[in-house]
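Quick notes on the structure that follows.
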Ligand code: GTA
């Protein structure tokens, strides 16, 4: 196993506030799980494209697309589950930063997928950080409705 990820403080900058356990348990999960989170994805990227790219690190057990809880459409993130920890680490090491549909994707260790985590937690239905996102794909602004669009227009 790569020593690179031994320091739990360096393994991920993200902390899931909804993790049902202690900080120690969270860190342990990050170091042992076979799930990665992918962020900064285009809303147009398909599951097929993700399979093709992430299979380069190893055999995939499952992919879960992140969805807007109102529209039920992809909103820029997903979870990829592998069979082996080594493949999980390779995905973080070698695939993070890859340009997919014109966006540099971010691959992060994750504590493990549970039902419900596929939904965006933002007020608008999508991701929380999208309320701060300014580099949308060209057609996205046109397809956004209500408060979400208004928030972006204010910037
Ligand atoms: N492993 O980096 C990640 C990650 N992110 C960003 C989300 N998930 C992640 N998992 C890993 N690594 O299951 C997972 C979540 C959930 C699903 C959707 O994706 O565990 P979300 O993105 O809609 O909601 O999650 P989350 O995680 O609550 O939001 P976020 O972006 O971390 O925001 C946390 C707080 O920081 C909020 O209070 C928000 O208002 C604030 N914030 C976020 N971005 C900014 C910003 N750019 N500027 C200022 N404040 C910000």
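Numbering (my numbering), first residue to last: 13 to 167.
Glycine included, every Cβ here is placed at the ideal spot set by N, Cα and C.
Remember, predicted model here, so these are calculated numbers, not experimental data.
Return yes when the C-beta of residue i is under 7 Å from any heavy atom of the ligand GTA, and no when it is not.
i, result
"residue 115", "no"
"residue 67", "no"
"residue 132", "yes"
"residue 43", "no"
"residue 140", "yes"
"residue 94", "no"
"residue 124", "no"
"residue 109", "no"
"residue 38", "no"
"residue 28", "yes"
"residue 63", "no"
"residue 129", "yes"
"residue 5", "The question about residue 5 has no answer here: the residues shown for the chain are numbered 13 through 167."
"residue 24", "yes"
Return the bridge partner residues of residue i from the DSSP annotation.
i, result
"residue 32", "DSSP lists no partner for residue 32."
"residue 76", "91"
"residue 120", "49"
"residue 115", "112"
- Message: Pairs of beta-carbons, one from the stretch 76 to 92 and one from the stretch 52 to 61, closer than 8 Å: are there three or more?
- Response: Touching, yes.
- Query: Taking three-plus beta-carbon pairs below 8 Å as touching, is the stretch 75 to 87 in contact with the stretch 127 to 147?
  - Reply: Yes, the stretch 75 to 87 is in contact with the stretch 127 to 147.
- Message: Counting beta carbon pairs with one atom in the stretch 33 to 51 and one in the stretch 99 to 109, are three or more of them shorter than 8 Å?
- Response: Yes, since at least three Cβ pairs between the stretch 99 to 109 and the stretch 33 to 51 fall closer than 8 Å, the two stretches touch.
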